[in-house]
Amino acid sequence: MTQDTQTNRHQLGQLIGANKRDHFYELHYVTGEVARLYILGNGIFRYFLDPQKEFNEDHSHLVDLSKFNNQFFTKSRPRATSDSLIIQTGNYQLILGQKSATITIFDETLHRTRMVQLSPLEIGPGQTTEILKQNKNEFYFGGGLQNGSFSHKGNHIEIKRDQITGDGGVLSQVPFFWSNAGFGEFRNTLEPGEYDFGSVQKDATIITHTSGVFDNFYLIGNSPSDILAKYYALTGTPLMPPKYALDLGYVGNFYSTLWQPSEAKERNATMFEDGNYYTRTTDSNLASAKASLNGEEEYQFSARAMIDRYQKLHFPLGWMIPNFQIQAVDPDALAGFSEYANTHGVETGLWSDEVLTDLPKNTSFIATKQTNAKALNQDIDLLKAALNRRRPLIFTDNGLTGSQAQSALIFGDAGGNWESIGTQVAGFLGANLSGEPLTSGSVDGTIGGGNAQISIRDFEWKAFTPFLFTIDDQGKFSKTPFAYNSKMTRINRAYLNLRNQLKNYLYALIYQAQLGAPIMRALFIEFPHEQVNYTEQVKHEFMLGPNLLISPITNGREDGAGNSRKDNLYLPNHRTMWIDLFTGEKYLGGRVYNKLSYPIWHLPAFVRGGTILDLGKRDYVLYPQGKSQMTFYDDNGYNDFTHNHSETKITSNLESSKLTITIDPTQGDFSGMEDEMPTNLNIMCDSYPDRLTVKINDQEVKMQEYGTVDTFAHAKEGFFYNTNYSWMPEFDQYREAKQVALQIKLAKRDITDSKIEITIQNFNYGNQVLVHSITDSVLRAPKQAIIDPEKITAHSINVSWPKVTDKVQIELNGILYDGIDGESFTFHELTPNTRYILRIRNVAGNKVSEWSEPFGAITKRAAMDYALHDVTVTSNYEAASDHPLSYLTDLKLASEWQTKERFSTEKPLQLTFNFRQAEKLSRMTFIPRNVDHERDPIEVGLEISKDGQNFAPYGDRYTWKADSKNKVIGLRDVTAKTIRLTVYKSSGSIVAGKEVIFFRQKDK
């Protein structure tokens, strides 16, 4: 029996013995396995089962256990009951079942279980599976950068790296997940895995890896930050980047990029300093110029000229990679360029696909595809040796558990499409929840482009991410922030200036990430008591730290004036006031806003009531509401920032119209720190307040009031009630109404020895917004609201009602939707095959009617529910290595297949698709690539086989246009086991496509 269980898949048998060794509990099972249980810390446990009983600690390099000692294990107390072994450690009980060899973790403080295994481990050759109990309101996060998703309840994710940068792709392999029940699991393995969070069985979470060794860490925490901090204790705290990394970055290829003459009418043409237009080309016969580092070919096409260009147009660069995708570089030429860049305030990096042994002179950072710890640590050592105490930086375009400690993850998707914005927002949220807070994407992607509106909207929201940069020279279109007209350039410049003002805030968030706090935060991080914040319903918006909510424009919908139309904007918490960052308009939280209009310059960005911002040099902006605090962080960029930094804590408390602001003395110091500094406070308000009192170290300071902007500007100390205030002057050109603020100036003082206390009486900010609606019995509830069954789709429901008032509110599954007028409204972005319950009420000013009786509908199933899975495909043409044939049937619309060899009409391309069984079909859909259409099939034929052997033609040949439209061939009532698609003509020298999807016929 024992031998049989070692070679076949089986469940872990009954627990029959346990011993407390020097450092672990040794557990014996009736099926022959031996496991080790380690108590590493408070809420950090390791269960290590090796069927071979080798317990090799070097089976992965993902974990550093050197920080842990034996104290928690020593203090743990085991006891046996009739059916289990219970190990007491602190407030936790580890309950090891005997007859059913399961593990349960019980929290005595909360009097509930944190984690429960539904059944014993399933063990087999090259695979282990753990099945956990899933609760109804339990949500799951983690798994690395899963493009397009951050909340995994009811879904299936893969733990691997597939290099697919669009929706459904996985760029980082992180075998770590956690639940809002307060536990996380980190599987110590380099092998790929599959995590199912309820798509197979609603009450079960199924965790599988292709490894026979089960080496698992269980992490218990009372908050997401607590769980992430414990994950970092095992795998390493995130990299602390140098400050220049937060500046604008540029990634390009100044080695092999070729340029040919062009005309202004060409969409991808770029005008250079000589007044002529050029486009990139890959044909050396057409090229008239070649890029270079230092102008060796022609200066205007050089990397030096690009730095000049950015500075001339007031887009100062902070860092630059000049050899993207080019391995062979001249170190002397690169050193010369780096010296030039350094004199212009630009740090230069080296891109490499190989493990480096040395660096060109003046290299400040490295961009690499390497993510294993050994290679990254070698790069770190090279940089440290070259930088003389300055902090090193490594960028990677993919991730692995632990790589967050040595590198930041930056990448570029195809770009040029609306879908990529929403995909990346959700993906970045997921990365932050997976222990990868330093994750960002290039503006407007790489090979796509050409749409100015998409490019601008992408730049706007990415100004609020850890890194802001472009990747150029990979496609036809330039990616610079000044690639379009002067209007678009001014908008990008305004957002860059805004980012620079928020740099201190962003830097403080990066430091907090060391302690487990995400930088880009899912809404539930700040508002954990609202269930909607845990769901994919809010995956297209995020909190930047605790104070800023960003909701990017993710589609091209417009209103009648040509402004972006924004629906489904959720602002959390009905007790929170939200302020439009640009206009100052105030909104009450706890509802979804609809029919909002945003001109091209206006990003939906909101300041949370209570926010405190540091614009630099102790210039603070406050949006008072309730009690809030913020700690700002500063250092000099050296390696040892843990012991060489300063922290300044500011507290704001608004209670019963009395506002109290406290700035504590700055703690800590570092070389180059300024001790003597003035302090400025800009306090947003709605009316003139009374009785301003300022105390420094408990001594009252007499404050003079100034009556004009000019006199206040020249004052060293005093205050000014400014009715025309703006801390973002670069946006004044776009808006008329300014905001009101009480501005306070304090003269230079020793910030390490000065406690500042400010009290303001009769203070008013947002009082009217925070008044809730009054139910008016005279205002009748709507009658006869209906849902049109003909307009129900998988993602939308249309509601109509007899108009009584100009506006209505609708409650959809318990969430309030506001800003709805007219007589009908369509809910978009709904979940397929889901029941929705609605209520509606009339709105007249601040008064509302009673709610209507509930009514509802079920959305239709998604079309992809009928798509065939596990379709295999073969071809008579070899596929490109980075665009394999399997991508054509992986049901991921972001992947792309390409042939490697050139296409010839004398050798038609055959694609043979095999199904697991004979299927009754409805249609076949070919999805072309959306970057360009130089590789599309344009003449095809189809053959059908019921047995996989004998084929019969299906209709005549089909002629397709080379465009972005999906190509559909109807297959109603066709039953097939195999289908062969033959391509007779292509629009280019090779053939490519994103996906071929076969749909089975719907059940009647």
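Residue numbers for the sequence shown follow my numbering, beginning at 472 and rising by one. Cβ atoms here follow ideal geometry from the backbone N, Cα and C, with glycine treated the same way.
In this structure, how does DSSP classify residue i when only helix, strand and coil are distinguished?
| i | result |
| --- | --- |
| residue 503 | coil |
| residue 537 | coil |
| residue 705 | helix |
| residue 1436 | coil |
| residue 775 | helix |
| residue 649 | strand |
| residue 530 | coil |
| residue 896 | helix |
| residue 959 | helix |
| residue 1466 | strand |
| residue 817 | coil |
| residue 1381 | strand |
| residue 889 | coil |
| residue 964 | helix |
| residue 1290 | strand |
| residue 473 | Reliability of the predicted coordinates at residue 473 is poor, the pLDDT of 39 falling under 50, and no value is obtained from them. |
| residue 439 | Outside the modelled stretch of the chain, which goes from 472 to 1475, sits residue 439, for which no answer is possible. |
| residue 1304 | coil |
Out of the options, which has the shortest C-alpha to C-alpha gap to residue i?
| i | options | result |
| --- | --- | --- |
| residue 1238 | 774, 1047, 795 | 1047 |
| residue 933 | 797, 1023, 878, 1322 | 1023 |
| residue 838 | 812, 793, 1268, 1243 | 793 |
| residue 662 | 669, 644, 1473 | 644 |
| residue 956 | 1201, 852, 739, 1412 | 739 |
| residue 1416 | 1430, 1384, 641 | 1384 |
| residue 1026 | 997, 893, 1102 | 893 |
| residue 787 | 941, 836, 1375, 719 | 719 |
| residue 1015 | 1451, 1078, 1123 | 1078 |
| residue 1148 | 1082, 1084, 1200, 1224 | 1224 |
| residue 1334 | 1319, 822, 675, 1469 | 1469 |
| residue 614 | 901, 766, 748 | 901 |
| residue 691 | 1033, 1146, 1059, 561 | 561 |
| residue 701 | 728, 512, 1293, 870 | 512 |
| residue 1435 | 1466, 1400, 1418 | 1400 |
| residue 1327 | 1304, 1074, 1338 | 1304 |
At which residues does the beta strand (DSSP E) containing residue i begin and terminate?
| i | result |
| --- | --- |
| residue 1372 | Premise fails: residue 1372 is in no beta strand (DSSP E) and is neither H nor E. |
| residue 791 | 788-792 |
| residue 1153 | 1147-1155 |
| residue 446 | Here the chain comprises residues numbered 472 to 1475, so residue 446 is not present and cannot be evaluated. |
| residue 557 | 555-560 |
| residue 1344 | 1343-1346 |
What do you get for residue i, buried or exposed, if any count of 16 or more other CB atoms within 10 angstroms of its CB means buried?
| i | result |
| --- | --- |
| residue 588 | buried |
| residue 1473 | exposed |
| residue 751 | buried |
| residue 907 | buried |
| residue 1065 | buried |
| residue 931 | buried |
| residue 905 | buried |
| residue 877 | buried |
| residue 473 | For residue 473, the predicted model reports a pLDDT of 39, less than 50, meaning its position is unreliable; a value from the coordinates is still stated below. Exposed: under 16 other Cβ atoms inside 10 Å. |
| residue 546 | exposed |
How far does the alpha helix (DSSP H) with residue i in it reach, from first residue to last?
| i | result |
| --- | --- |
| residue 593 | Note, residue 593: premise wrong, no alpha helix (DSSP H); beta strand (DSSP E) at 583-595. |
| residue 1269 | Run containing residue 1269: none in the alpha helix (DSSP H); it sits in the beta strand (DSSP E), 1268-1271. |
So, does the CB of residue i fall closer than 8 Å to a CB anywhere in chain C?
| i | result |
| --- | --- |
| residue 1411 | Looking for chain C here will not work: only one protein chain is present. |
Discussion item. I'd like to know if the region 930-950 and the region 1174-1184 are in contact, where contact means that at least 3 CB-CB pairs between them fall below 8 Å.
Written reply: no
Discussion item. Check whether the region 1273-1280 and the region 1302-1322 are in contact - that is, three or more C-beta pairs closer than 8 Å.
Written reply: yes
Discussion item. For the region 1149-1165 against the region 1213-1232, do three or more pairs of beta-carbon atoms, one drawn from each stretch, fall closer than 8 Å, so that the two count as touching?
Written reply: yes
Worksheet item: Three or more beta-carbon pairs under 8 Å between the region 1392-1410 and the region 1455-1470, yes or no?
Response: yes
Worksheet item: If you pair each beta-carbon of the region 1249-1258 with each one of the region 1149-1158, do three or more pairs fall below 8 Å?
Response: Not touching, per the Cβ criterion.
Worksheet item: Is there contact between the region 481-488 and the region 497-513, where contact requires at least three CB pairs shorter than 8 Å?
Response: Contact holds between the region 481-488 and the region 497-513, because three or more Cβ pairs, one in each stretch, are under 8 Å apart.
Discussion item. For the pair the region 1113-1122 and the region 1268-1278, tell me if three or more CB-CB distances fall below 8 Å.
Written reply: As far as the Cβ criterion goes, the region 1113-1122 does not touch the region 1268-1278, which means the pair count is below three.
Worksheet item: Are there three or more Cβ pairs, one per stretch, closer than 8 Å when the region 979-990 is compared with the region 1102-1109?
Response: Proximity of the region 979-990 to the region 1102-1109 meets the contact definition, three or more beta-carbon pairs being nearer than 8 Å.
Discussion item. Is it the case that the region 1356-1365 contacts the region 1291-1310, given that we only count it when at least three CB pairs across the two stretches are under 8 Å?
Written reply: no
Worksheet item: With a cut-off of 8 Å, do at least 3 Cβ pairs link the region 519-527 to the region 671-691?
Response: Three or more beta-carbon pairs separated by less than 8 Å link the region 519-527 to the region 671-691, which places the two stretches in contact.
Item to complete: Could you tell me whether the region 908-927 touches the region 1424-1434, where touching means 3 or more Cβ pairs closer than 8 Å?
Response: no
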